[in-house]
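Take a look at the structure set out below.
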Amino acid sequence: MSIHLNAEPGQIAETVLLPGDPLRAKHIAETFLTDPVLHNTVRGMHGYTGTYKGKRVSVQGTGMGIASSMIYVSELITQYGCKNLIRVGTAGSYQADVHVRDIVLAQAACTDSNINNIRFGAKNFAPIADFDLLMRAYQIARERGHATHVGNIMSSDTFYHDDFDQYKIWADFGVLAVEMEAAGLYTLAAKHGVKALTVLTISDHLVTREETTAEERQLTFNAMIEIALDAALGE
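Oh and the sequence shown: position 58 is 64 in our numbering, straight run, nothing missing.
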């Protein structure tokens, strides 16, 4: 057991999907995994382990934001030996041609968080995805006909920003979308020498103001789950 996970040693697979929402974790386990077993209930952040196409896979909720997600990622890597960690979640589009319900594969993640400044001071670390996972995910998504974009994203500490238009500077530099966790995941993966990727579905659009419902975000967007699972397991 770790401080925030009450799974026993060996209960969590080396490959873990990381949704922020614990209810999405439950949906993934019940929809995609065979014989899922609940391995964590601490703070209501449910985690499950089952099999997918005959291979062990876990799914663990992480909460919202870099600070919360890095707690779970740190413990999964250092206490449970996880090697392949894929965040699956939603994002807001910064670009007119990145539409609601499109897939975004985060090749790299900018951030306005100070989390890496604490480590590196005035120097900038560039958090990036594992290339093999990224390449497999892209090939799978394109083969299945999903509208898919690969590139830089923004991991923000702020959901309700005082200046809504602040996103435009990032958009001007080609950043595709905003979410709240990937930069932390990629930093820890680099530190510990494990593989990480972020697969996102666009749930709302900062340019057009189009959005989806909370129920849609929790219970649909299954394409990204299948992409993540098959990329992680080399299917």
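All residues carry an ideal CB built from backbone N, CA and C; glycine is no exception.
C-beta contact flag for residue i and residue j at 9 Å
i: Val205; j: Ala143; result: yes
i: Ile18; j: Gln66; result: yes
i: Thr21; j: Leu203; result: no
i: Gly95; j: Glu187; result: yes
i: Val213; j: Gln113; result: no
i: Phe227; j: Arg107; result: yes
i: Ile146; j: Ala73; result: no
i: Leu44; j: Tyr58; result: no
i: Val104; j: Ala189; result: no
i: Leu194; j: Ile83; result: yes
i: Lys197; j: Asp136; result: no
Cα-Cα separation, residue i to residue j
i: Ile109; j: Gly157; result: 11 Å
i: Glu81; j: Glu217; result: 34 Å
i: Tyr173; j: His167; result: 9 Å
i: Asp178; j: Asp171; result: 12 Å
i: Glu232; j: Thr37; result: 11 Å
i: Asp210; j: Ala97; result: 7 Å
i: Arg93; j: Gly26; result: 8 Å
i: Met230; j: Gly127; result: 35 Å
i: Asn123; j: Asn130; result: 7 Å
i: Asp138; j: Ala153; result: 20 Å
i: Ser99; j: Met160; result: 10 Å
i: Pro28; j: Trp176; result: 29 Å
i: Pro15; j: Thr68; result: 19 Å
i: Val63; j: Asn90; result: 10 Å
i: Gly53; j: Thr47; result: 7 Å
i: Arg49; j: Thr55; result: 18 Å
i: Ser75; j: Ser162; result: 13 Å
i: Ala13; j: Leu235; result: 21 Å
Residue i in three-state terms, based on DSSP
i: His211; result: strand
i: Ala13; result: coil
i: Glu149; result: helix
i: Leu182; result: coil
i: Val167; result: The question names Val, yet the displayed sequence has His at residue 167. Note: His167 maps to coil in three-state DSSP.
i: Ile233; result: helix
i: Gly95; result: strand
i: Ala202; result: strand
i: Gly240; result: coil
Whole-Å CB distance - residue i paired with residue j, under 8 Å assumed
i: Tyr192; j: Pro133; result: 3 Å
Proximity test, residue i beta-carbon vs the ligand ZN heavy atom, cut-off 8 Å
i: Thr204; result: With respect to the ligand ZN, the structure offers nothing, as it holds no ligand at all.
**Completely contained beta strand (DSSP E) runs for the segment 40-89, where each covers 3 or more residues** = 40-46, 53-58, 61-66
**Secondary structure, beta strand (DSSP E): runs of 3+ residues fully inside the segment 104-140** = 109-117
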